[in-house]
Amino acid sequence: MEFSITLRSAQREDCKSVFAWRNDPEVRQHIFDPAPIAWEDHEQWFNKILEASDRHLLIGDSEGKSIGVIRIEPVDQEGGEISVYLVPGNSGQGLGSLLISKGIEWVAQHHPQIKHLQAKILGENAASLKAFQRAGFKESYRFYEWHAP
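Letter 117 of the sequence shown, counting from 1, is numbered 271 in the working numbering, and no numbers are missing.
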């Protein structure tokens, strides 16, 4: 099946949907902070990102429904960080790499000064690793942590 994905900037009316998607267990198991987020914290974060001129929250839509979320933030003058998750129920269809590719196109069109993007992916998130590789990303380093007991 072939998918056509369009990206749009998140709007205030997306706040509740993004909150529900982000707090879904399917999404939380693959992100760095898997704890559920309180509504007040989410709403504050959401409003800040909508008001920021250098940070972007994009919604990927396909066939009249939202299928994923992209967040793009600056890292330095020529670099940015991209994070992506699929709306629950959209995994396993190859949509991740398509959504990432659309995100790259969006950055090239709206922020041509950005010459490279980085993505931080949990090591056990094989689907995300595969999606970013399919979209042209290459591994550049690994990061290890130690936490006191």
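Note that beta-carbon positions come from the ideal geometry of N, C-alpha and C, so glycine has one too.
Rounded to whole angstroms, what is the Cα-Cα separation between residue i and residue j?
{"i": "L212", "j": "A302", "result": "37 Å"}
{"i": "E217", "j": "F157", "result": "8 Å"}
{"i": "E299", "j": "F291", "result": "23 Å"}
{"i": "V261", "j": "I268", "result": "7 Å"}
{"i": "H184", "j": "I275", "result": "8 Å"}
{"i": "I221", "j": "P228", "result": "24 Å"}
{"i": "H270", "j": "E232", "result": "7 Å"}
{"i": "E278", "j": "Q272", "result": "18 Å"}
{"i": "A281", "j": "E205", "result": "32 Å"}
{"i": "I191", "j": "N177", "result": "7 Å"}
{"i": "S294", "j": "D215", "result": "30 Å"}
{"i": "P188", "j": "R288", "result": "25 Å"}
Using the DSSP secondary-structure output, state which residues sit across from residue i in a beta bridge.
{"i": "L212", "result": "S163, I224"}
{"i": "H357", "result": "Lying before the first or after the last residue shown, residue 357 is absent from the chain, which here runs from 155 to 303."}
{"i": "K202", "result": "None; K202 has no bridge partner."}
{"i": "K219", "result": "S216"}
Along the chain, where does the beta strand (DSSP E) containing residue i start, and where does it finish?
{"i": "I236", "result": "233-240"}
If you follow the alpha helix (DSSP H) that residue i is in, where does it begin and where does it stop?
{"i": "H180", "result": "First, the amino acid is wrong: residue 180 is Glu here, not His. Residues 179-182."}
* Asked: Is there contact here, the stretch 248-261 with the stretch 223-237, by at least three beta-carbon pairs under 8 Å?
  -> The count of Cβ pairs closer than 8 Å, one atom from the stretch 248-261 and one from the stretch 223-237, reaches three, so the stretches are in contact.
* Asked: Going along the chain, which unbroken runs of the beta strand (DSSP E) with 3 or more residues stay wholly within the stretch 239-297?
  -> Those beta strand (DSSP E) runs which fall completely within the stretch 239-297 and span 3+ residues are 270-272.
* To do: Decide yes or no for the touch test of the stretch 242-251 against the stretch 196-207: beta carbon pairs closer than 8 Å, at least 3 of them.
  => No, the stretch 242-251 does not touch the stretch 196-207.
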